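So the protein sequences, as listed, match chains A and B. In terms of this note's numbering, the first sequence opens at residue 1 and continues consecutively. In terms of this note's numbering, the second sequence opens at residue 301 and continues consecutively. Built from N, CA and C at the ideal position, the CB exists for glycine as well. Bear in mind that the values here come from a model prediction, so they are computed numbers and not experimental data.
There are 2 protein chains.
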Amino acid sequence: MAAPLYGGIEAGGTKFVCAVGTGPDDIREEIRFPTTEPEPTIRKAIEFFRNQEHGQLSAIGISSFGPVDPDPGSPTFGHITTTPKKPWLHTDFAGPIHRALAVPVGFDTDVNGAALGEWRWGAGRSLNTIIYLTVGTGIGGGVLIDGRPHHGMIHPEMGHVRIPHDRTRDPFEGSCPFHKDCLEGLASGPAIEARAGRKGDSIEPDDPLWDIIAEYLAYSLVNYIVVLSPQRIILGGGVMDQQQLFPKIRERVGSFLNGYIQSPAILDRIDSFIVPPGLGNRAGVLGAIALAEEAAHREQ
Amino acid sequence: MAAPLYGGIEAGGTKFVCAVGTGPDDIREEIRFPTTEPEPTIRKAIEFFRNQEHGQLSAIGISSFGPVDPDPGSPTFGHITTTPKKPWLHTDFAGPIHRALAVPVGFDTDVNGAALGEWRWGAGRSLNTIIYLTVGTGIGGGVLIDGRPHHGMIHPEMGHVRIPHDRTRDPFEGSCPFHKDCLEGLASGPAIEARAGRKGDSIEPDDPLWDIIAEYLAYSLVNYIVVLSPQRIILGGGVMDQQQLFPKIRERVGSFLNGYIQSPAILDRIDSFIVPPGLGNRAGVLGAIALAEEAAHREQ
Numbered sequence: 001m002a003a004p005l006y007g008g009i010e011a012g013g014t015k016f017v018c019a020v021g022t023g024p025d026d027i028r029e030e031i032r033f034p035t036t037e038p039e040p041t042i043r044k045a046i047e048f049f050r051n052q053e054h055g056q057l058s059a060i061g062i063s064s065f066g067p068v069d070p071d072p073g074s075p076t077f078g079h080i081t082t083t084p085k086k087p088w089l090h091t092d093f094a095g096p097i098h099r100a101l102a103v104p105v106g107f108d109t110d111v112n113g114a115a116l117g118e119w120r121w122g123a124g125r126s127l128n129t130i131i132y133l134t135v136g137t138g139i140g141g142g143v144l145i146d147g148r149p150h151h152g153m154i155h156p157e158m159g160h161v162r163i164p165h166d167r168t169r170d171p172f173e174g175s176c177p178f179h180k181d182c183l184e185g186l187a188s189g190p191a192i193e194a195r196a197g198r199k200g201d202s203i204e205p206d207d208p209l210w211d212i213i214a215e216y217l218a219y220s221l222v223n224y225i226v227v228l229s230p231q232r233i234i235l236g237g238g239v240m241d242q243q244q245l246f247p248k249i250r251e252r253v254g255s256f257l258n259g260y261i262q263s264p265a266i267l268d269r270i271d272s273f274i275v276p277p278g279l280g281n282r283a284g285v286l287g288a289i290a291l292a293e294e295a296a297h298r299e300q
Numbered sequence: 301m302a303a304p305l306y307g308g309i310e311a312g313g314t315k316f317v318c319a320v321g322t323g324p325d326d327i328r329e330e331i332r333f334p335t336t337e338p339e340p341t342i343r344k345a346i347e348f349f350r351n352q353e354h355g356q357l358s359a360i361g362i363s364s365f366g367p368v369d370p371d372p373g374s375p376t377f378g379h380i381t382t383t384p385k386k387p388w389l390h391t392d393f394a395g396p397i398h399r400a401l402a403v404p405v406g407f408d409t410d411v412n413g414a415a416l417g418e419w420r421w422g423a424g425r426s427l428n429t430i431i432y433l434t435v436g437t438g439i440g441g442g443v444l445i446d447g448r449p450h451h452g453m454i455h456p457e458m459g460h461v462r463i464p465h466d467r468t469r470d471p472f473e474g475s476c477p478f479h480k481d482c483l484e485g486l487a488s489g490p491a492i493e494a495r496a497g498r499k500g501d502s503i504e505p506d507d508p509l510w511d512i513i514a515e516y517l518a519y520s521l522v523n524y525i526v527v528l529s530p531q532r533i534i535l536g537g538g539v540m541d542q543q544q545l546f547p548k549i550r551e552r553v554g555s556f557l558n559g560y561i562q563s564p565a566i567l568d569r570i571d572s573f574i575v576p577p578g579l580g581n582r583a584g585v586l587g588a589i590a591l592a593e594e595a596a597h598r599e600q
């Protein structure tokens, strides 16, 4: 019997990626299109899955920008909730997909999806607690515990941690509309751009601004470590394309923890504790495929 | 058939509490004694359980000061590991108890034990993600997810989060020997005492120092909320006997989050979101009984 075939939707604030396949080595078809209004955007995804010719899909997974309602027991399961992206406010996303395609639908945040993809096929395999953090236009984190995306009350919003901010060294007040100088307000793409007056990818790798960004990310990682005790932290997103950040962050995490957490993973092997995504920039859409796989198993 | 009878050990850095019973309404016998060297202290606990006359114990639970190794699959399971309390460094704690009493032994951190007790019988009942934070000589947190203590790589060390520290308002440099001004370094009992020159319980409830302490605790709770998305946070420990801290902390958590987490629990019902322990100061020993119950069920 052939392996079950899944559909995945990586729903970002600016673009959608839809794919059909079974895993990282077997993506049979893929499409990308801009995120516009909910109705035409969702319709386009449905048409793609209807017209693909690789066989019957066993389930669809959606990893979505948010905030979302990922609780299958809730009346608004599968909705995008209080997003600042106005046309999508309180939009039922999983519902129309499920009605049109009549297969189980898995639905979670983009970062929980990516974390699940990394746990299934990437840098988080066989670990019981991992964090996937994306550092880009926004900063968000997904948490996998024993192979399941963690939700709690709603879902984590790890980009909004509060950290030390030395205003003498970095007078930038922070760009988060809710919190000013939370992590996202200090270290996201727009926060970097606001200080430098140009995009991060045009700033020299040895610019001292990267030391400041690495410091905020390191303080945040320390906070994730003491709260969640993860076995690995995976850092993705556009800002992390700046490879010089990895050694800077690792070094500061070690020095901020200062030997308090007596774990060889941190003390001796920090290069394999704080890592880039094993799936590269495909973590998102493969995460959606992993969410589909999970939904299919749940309904069996 | 009578309900199974359990033994619990709340192992603190200064005293041990041992009890026999089945739950909060049925503690049959209890003993307290100071924590001295490991061998005589553990022996005293064993003798107490041997000589109790209420029937055969089904299991023993130990909720211990730490750091500890709570991983049943590890060769050093049940050990106290890198504690600053020198005589207890790398002490096998669960082993001698298990060998002497020949029953299953549950073993976890004091705060994971307390969190489990609160989930089983106290302020965390029927919730899937709760945090128990003790604020006393040290600050530590336990996390229950779906009724199980969360460990991850080792176990959380939530007292050591990094938070904003405005040195103009509070020039105190922090008392944590590892991190100076982490939460524990700023808001633990000794940190309060170091600023005031006297014990916290002799400081007036309207002293402005409590506003500063509430601010640090609120920043930390915000960090726990965005990382873990808990459904309730339970605050215990000696410092939290200062009841005036609760409204101060709740107000600041609301204002720091600034409406970002759109949850009625936080927006409308914060009084039942940030709460004192339902089991009062018995959370510790009842947590140990809950760990025993869990160990008994695991071995069935």
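CB contact check: residue i to chain A, cutoff 8 Å
i         : result
Ile454(B) : yes
Ile561(B) : yes
Ser364(B) : no
Ala565(B) : yes
Leu295(B) : Only positions 301 to 600 of chain B appear in this structure, which leaves residue 295(B) out of reach.
Glu457(B) : yes
Phe316(B) : no
Arg462(B) : yes
Pro601(B) : Nothing about residue 601(B) can be read from this structure; chain B reaches only from 301 to 600.
Thr335(B) : no
Sub-8 Å separation of residue i and residue j beta-carbons
i         : j         : result
Ile534(B) : Pro505(B) : no
Thr434(B) : Val411(B) : yes
His142(A) : Ala123(A) : Sequence inspection shows Gly at residue 142(A); the His mentioned does not correspond to that position. For Gly142(A) and Ala123(A), no; Cβs fall outside 8 Å.
Ile192(A) : Ile225(A) : no
Ile289(A) : Gly21(A)  : yes
Gly485(B) : Gly474(B) : yes
Gly159(A) : Ile145(A) : no
Phe172(A) : Arg195(A) : yes
Arg332(B) : Phe316(B) : yes
Ile397(B) : Ile346(B) : yes
Gln531(B) : Leu427(B) : yes
Ser229(A) : Gly452(B) : yes
Phe573(B) : Ile566(B) : yes
Val253(A) : Val527(B) : no
Ala394(B) : Gly378(B) : yes
Ile42(A)  : Phe107(A) : no
Contacts around residue i, its chain only, beta-carbon distance under 8 Å, and the 5 residues preceding and following it disregarded
i         : result
Pro523(B) : First, the residue type needs correcting, since residue 523(B) is Asn and not Pro in the sequence shown. Only Val461 and Ile463 meet the Cβ criterion.
Asp571(B) : Arg550
Gly312(B) : Thr335, Phe365, Asp410 and Gly584
Neighbourhood of residue i by C-beta, 7 Å cutoff - its chain only, sequence neighbours within 5 removed
i         : result
Gly103(A) : Just to set this straight, residue 103(A) is Val in the shown sequence, not Gly. So the qualifying residues of the chain are Leu57, Ser58, Ala59 and Ile60.
Arg120(A) : Ala290
Leu279(A) : Pro24, Gly117, Glu118, Trp121, Gly122 and Leu286
Residue-level contact to chain B via CB, residue i, 8 Å cutoff
i         : result
Leu144(A) : no
Glu302(A) : With chain A represented from 1 up to 300, any question about residue 302(A) goes unanswered, as that position is not in the structure.
His90(A)  : no
Glu173(A) : no
Arg198(A) : no
His79(A)  : no
Tyr132(A) : no
Residue i versus residue j: straight-line alpha-carbon distance, rounded
i         : j         : result
Phe365(B) : Asp241(A) : 42 Å
Asp181(A) : Arg167(A) : 10 Å
Ala400(B) : Leu586(B) : 22 Å
Thr336(B) : Gly584(B) : 19 Å
Glu30(A)  : Tyr216(A) : 36 Å
Thr409(B) : Leu89(A)  : 42 Å
Ala292(A) : Gly8(A)   : 7 Å
Ile327(B) : Val405(B) : 19 Å
Leu305(B) : Gly355(B) : 7 Å
Gly436(B) : Gly238(A) : 42 Å
Glu118(A) : Arg125(A) : 7 Å
Arg569(B) : Gly373(B) : 41 Å
Gly497(B) : Trp210(A) : 41 Å
Thr14(A)  : Lys85(A)  : 10 Å
Neighbourhood of residue i by C-beta distance below 6 Å, restricted to the same chain and skipping five residues each side
i         : result
Pro67(A)  : Thr81 and Thr82
His150(A) : Val143
Cys176(A) : Cys182, Glu184 and Gly185
Thr376(B) : Asp369
Contacts of residue i in chain E (Cβ-Cβ under 7 Å)
i         : result
Phe393(B) : This model lacks chain E altogether, as its protein chains are A and B.
Any non-hydrogen atom of the ligand FAD within 7 Å of residue i CB
i         : result
Gly559(B) : Inclusion of the ligand FAD in the displayed structure is not the case, the ligand content being empty and no account of it being possible.
Three or more C-beta pairs closer than 8 Å, one from the region 290-298 of chain A and one from the region 125-140 of chain A: is that the case here?
no
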